[in-house]
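These protein sequence lines are chains A and B, in that order. Its first residue numbered 6, the first sequence is counted upward by one per residue in the numbering used here. Its first residue numbered 18, the second sequence is counted upward by one per residue in the numbering used here. Using N, Cα and C, we set each Cβ at its ideal position, and we do this for glycine too. Working notes, structure below.
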Amino acid sequence: MSFFEVIRFALRGLSANKLRSALTMLGILIGVAAVILLVAVGNGSAQAISDRIEALGTNTVTVMSSGQSSSLTPAIADALADPVLAPDVASVSPVVSASATIGFEGTDHDVSSFVGTTPSWFTSSNTPVGTGAAFTSDDEAQARRVVVIGQTVAEELFPGTDPVDQQVTVGGALFTVIGVLAEKSSTGFTDSNDTAVAPLSAVRQVLTGYGSINSILVEAADPGRVDAVQSEITTILNQRLKVAAGSTSTPYRIQNASQLLETQTETADTFTTLLGAVAAISLLVGGIGITNIMLVTVTERTREIGIRKALGAPRRVILTQFLIEATLLSVIGGLLGVAAALIGSHFTIVGVKPVIVPSSVGLALGVSIAIGLFFGGLPASRAARLRPIEALRYE
Amino acid sequence: MTRPVLDVRELRKTYGTGEATVHALAGVSLTVDRGDYVAIMGSSGSGKSTLMNILGALDIPTSGTYLLDGVDVSQLADRQLALARNRLIGFIFQAFNLIPRTSAVANVELPLAYAGVKPRERRRRAMAALEVVGLAERARHEPNQLSGGQQQRVAVARALVTEPALLLADEPTGNLDSKSTEDVLEVFDQLSAAGRTIVIITHEDEVGARAKRLIRLVDGRIVLDQRQQQVLTGRHAS
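Below, the structure is given as C-alpha cells:
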C-alpha cells in the first residue's frame with residue numbers, strides 16, 4: 006500500500022469527523038496564536054520603551070540633586086564646562102523647570118514643564134525646533150522674554166494660526182513666541198509635546214527665582230565617551246560640593262541615558278518573560294487539550310482499528326494513518342494559529358504595537374506539532390499493537 | 018491431492034489463571050475442505066465464538082496448531098498475519114463492523130486497498146462484489162443510511178471481495194430480522210453454490226439447517242459432526 010494511499014485514508018478519516026477535526030484544530034490554533042501574540046506584545050512594548058529612550062539621546066548625562074533641597078546652581082553648571090578637567094564634555098545646559106500657565110487672548114493653557122535653559126539644550130536633549138528659531142546665547146545673557154513652545158501648546162493656544170511672533174503671558178510677564186518645537190513621540194502617560202522652553206535667566210526672573218536649578222544636562226563629545234564624562238563630572242562635583250573621598254552618599258545623582266536604557270530594557274525583558282510564561286501556560290493548556298482530543302479520538306476509534314486489522318491492515322499502515330491524521334490536525338491548526346497571530350499583530354493591543362518574535366513562532370508551532378504527534382501516535386501505536394479481537398471488543 | 022482449507026488440531030484456549038481458569042476450547046480438531054459449507058452451532062458459552070476468532074486469526078490459541086490453506090497461522094509475525102487475514106480470510110461479524118461515515122463501496126474496497134490493488138481495479142472489483150450481494154445501487158450510501166440486512170450484505174461483499182480461501186461468519190444473522198436473515202442466507206447459498214468455502218457460526222436452527230455440514234460444540238468440545246441434506250428455500254427451492 007503506497008504512502009499516497011495512506012494519506013488519502015487519513016484525509017478520509019479527518020473528513021469523516023469534520024466537527025471534531027475542526028475543534029481540534031481550533032484548540033491548536035488558539036494555543037499557538039496566543040503564544041505568538043503574547044510574546045509579540047511583550048516584545049513590542051520593550052521595543053517601544055527602548056525607542057523612546059533612544060530618542061532622548063544616548064550621549065548625554067543628567068546631573069540631578071538627590072537631597073531634599075537642591076544643591077545645584079548655575080555656577081556648578083559653569084564649572085562642569087571646564088576644558089581642562091572635563092575635556093570630553095561638549096556642552097553643559099543647566100535646566101530649571103516649573104509648571105506654568107500660558108495665556109493668549111483670553112485662552113489659558115497649563116504647561117506641566119516650563120523649561121528654562123541655555124541654547125545648547127536643544128541639541129543635547131534631542132529636541133529640535135520645528136518652525137521659527139531657538140533662542141540664542143545672547144537672548145539668554147540678556148534674559149529676553151522669548152519662548153519656544155511645544156506642539157500641544159501651539160495647538161491649544163493658536164489653533165489654525167501661526168504662533169511665531171505672538172505675545173503670550175507667563176506668570177504675569179509677556180513672552181514672545183519665537184518658535185515651535187518639532188513633534189516628539191510621547192513617553193508613557195506624559196505628553197512630551199506639552200512643554201515650553203525659554204532662556205534660563207528669563208525663567209528664573211519670572212517663575213522660579215534665583216535659587217537652585219533642577220538639573221544639569223551634560224552632553225558628551227562622543228557617545229563612546231559618556232563614561233569618561235561621567236567620571237570627569239563626578240570629580241568636579243565632589244570637589245565643588247565638598248563630598249569626602251570614600252563617602253557613599255552624595256548630594257547629587259548622575260543619570261546616564263544608556264544606563265536608563267539598560268534599566269528600562271531590563272524592565273521590559275521582565276515584562277516579556279512574564280507574558281512568555283503566561284503564553285507558555287496557555288500553550289501547555291492547549292497541549293493538554295490536544296492530548297485529550299487525540300486520546301479520545303484514538304480510543305474512540307480502537308474498534309475501527311480492530312476492524313481494519315481484521316481486514317488485513319498491517320500495524321505499520323494503521324500507525325502511519327493515525328500519525329498522518331494527527332500531523333495534519335496539528336500542522337494545519339498550528340499554521341492557522343500562526344496566520345491568526347500574524348493578522349492579530351497588525352492591530353494595536355492595549356496600546357502596544359506587537360512585534361513578532363520569529364523564535365516564538367517556531368517554538369509554538371514546534372511544541373504543538375510535537376504534542377499532536379506524540380499524543381496522537383502513542384495511543385494509536387498501542388491500539389495497532391492490540392490483537393484484533395481485543396480492539397474489536399474495546400468499548 | 019487437495020489440501021484442506023482449514024486444519025486445526027487439538028486447539029485449546031484458556032482464559033484466566035489458577036482457580037479462575039476457564040477452558041473456552043478444550044481440544045478441538047477439525048478439517049474443512051474446499052467448497053464446504055459448515056455451520057458450527059452451540060449454546061452461548063460453548064466456545065464457538067472463541068473458535069471463530071481463532072479461525073479468523075483475530076485471536077491466538079493457548080495451544081494447538083492451526084493450518085490455514087497449509088500455512089501455520091500460529092507461527093506468523095504481525096506482517097504475515099495481516100497478509101493472511103487480508104488474502105485468505107473473509108470475516109463477517111455479528112455487529113457488521115462497517116467503518117462508520119464511509120460509503121458502502123469504500124468499505125468494500127478497504128481490504129483491496131490493504132492488499133495494494135490500484136484504485137481503478139479496486140473500484141471495479143468492489144462494485145462487482147456489491148453486485149453479488151445485490152446492493153450495487155446502494156454503493157454510495159453510508160452505513161447509517163442502510164438497513165441491518167443491507168449493512169450485513171455490504172459486510173459480506175467486503176469479506177468476499179479479496180476472493181479469500183475461507184469465508185468466516187460469526188452469527189451473521191444474530192442482529193437481523195427474519196426478512197433480512199433470509200436475504201443474507203440467500204447470499205450464502207449462492208456463494209456456496211459458486212464453490213466458496215464457508216464456515217458460519219449460529220445458534221439458530223434454521224440457519225444451521227442451510228449448511229452442508231453441521232458441527233455442535235458443547236463446553237469447548239465437538240460433540241457432533243455430521244453431513245446433512247441442505248434445506249433450500251427462496252428461489253433455490255423452486
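Query                                                                                                                                                                             : Result
Do you know offhand how far V41 of chain B's Cα is from R233 of chain B's?                                                                                                        : Correcting the residue type first, residue 41 of chain B is Ala in the shown sequence and not Val. Computed Cα separation, rounded: 14 Å.
From the DSSP output, in three-state form, read off R20 of chain B for me.                                                                                                        : coil
Got a sec, what are the start and stop residues for the beta strand (DSSP E) Y54 of chain B sits in?                                                                              : Y54 to M58
Taking the runs of the beta strand (DSSP E) that are 3 residues or longer, which of them lie wholly in the segment 188-226 of chain A?                                            : 200-204 and 220-225
I need the DSSP call for K135 of chain B, collapsed to helix, strand or coil.                                                                                                     : coil
Which residues does DSSP list as the beta-bridge partners of P99 of chain A?                                                                                                      : A:I221
Between which two residues does the beta strand (DSSP E) carrying D258 of chain A extend?                                                                                         : In the sequence as presented, Asp is not what sits at residue 258 of chain A; that position holds Arg. Start and end: Y257 to N261.
May I ask you to list, following chain order, the residues of the segment 159-175 of chain B that have a beta carbon less than 8 Å from some beta carbon of chain A?              : R175
With 16 as the cutoff for other CB atoms within 10 Å, does E309 of chain A come out buried or exposed?                                                                            : buried
Who are the Cβ neighbours of A130 of chain B in its own chain at under 7 Å, not counting the five residues just before and after it?                                              : R139
Take every Cβ of the segment 154-161 of chain B, pair it with every Cβ of the segment 93-109 of chain B, and state whether three or more of those distances are shorter than 8 Å. : no
Bridge partners for A74 of chain B per DSSP, in chain order?                                                                                                                      : Paired residue(s): none; A74 of chain B is not in a bridge.
Of all the residues that make up the segment 297-318 of chain A, which are near chain B by a beta-carbon distance shorter than 9 Å?                                               : R308, E309, G311, I312, R313, K314, A315, L316, G317 and A318
State the DSSP-derived secondary structure class of S61 of chain B, mapped to helix, strand or coil.                                                                              : coil
So is N124 of chain B in contact with chain A if we call contact Cβ pairs under 7 Å?                                                                                              : no
Give the interface partners of R392 of chain A over in chain B, defined as CB-CB distance under 8 Å, in chain order.                                                              : L75, D76 and I77
Within a Cβ cutoff of 7 Å, which residues of the same chain sit near R230 of chain A, ignoring the five residues on either side of it in sequence?                                : D93
Using 10 angstroms around the beta-carbon of E188 of chain B, count the other beta-carbons present and answer buried if the total reaches 16, otherwise exposed.                  : buried
If contacts are defined as beta-carbon pairs under 8 Å, then P79 of chain A and P99 of chain A qualify, I think. What distance do you get, rounded to the angstrom?               : 5 Å
Is there at least one Cβ from chain B nearer than 7 Å to R320 of chain A's Cβ?                                                                                                    : yes
Between the Cα of S70 of chain A and those of A:I221, A:G36 and A:S20, spot the shortest distance and give me the residue it belongs to.                                          : A:I221
Nearest to N198 of chain A by CA position, among A:I241, A:A139, A:F119 and A:L28, is which residue?                                                                              : A:F119
By the three-class DSSP mapping on this structure, what secondary structure does T78 of chain A have?                                                                             : coil
Are any of the Cβ atoms in chain B nearer than 7 Å to that of A21 of chain A?                                                                                                     : yes
Please state the DSSP three-state secondary structure of Q172 of chain A.                                                                                                         : strand
Kindly indicate if chain A contains any beta-carbon less than 7 Å away from that of I116 of chain B.                                                                              : yes
In whole angstroms, what separates the C-alpha of R313 of chain A from that of I323 of chain A?                                                                                   : 8 Å
Could you check whether V202 of chain A and V182 of chain A sit closer than 7 Å to each other, using their CB atoms as the reference points?                                      : no
Does DSSP classify L241 of chain B as helix, strand or coil?                                                                                                                      : strand
Could you name the residues that DSSP lists as bridge partners for A178 of chain A?                                                                                               : A:V175
Would you say the segment 213-223 of chain B touches the segment 61-71 of chain B, given that touching needs at least three Cβ pairs under 8 Å?                                   : yes
Does the separation of the CB atoms of T136 of chain A and V185 of chain A fall below 7 Å?                                                                                        : yes
State yes or no: is the C-beta of V248 of chain A within less than 7 Å of the C-beta of A45 of chain A?                                                                           : no
Tell me the DSSP secondary structure of S1 of chain A in three-state form.                                                                                                        : The structure shown does not extend to residue 1 of chain A, since chain A is modelled only from 6 through 400, so no value can be given for it.
Once DSSP output is grouped into helix, strand and coil, what is the label at I12 of chain A?                                                                                     : helix
Tell me the rounded alpha-carbon separation between L93 of chain B and S164 of chain B.                                                                                           : 37 Å
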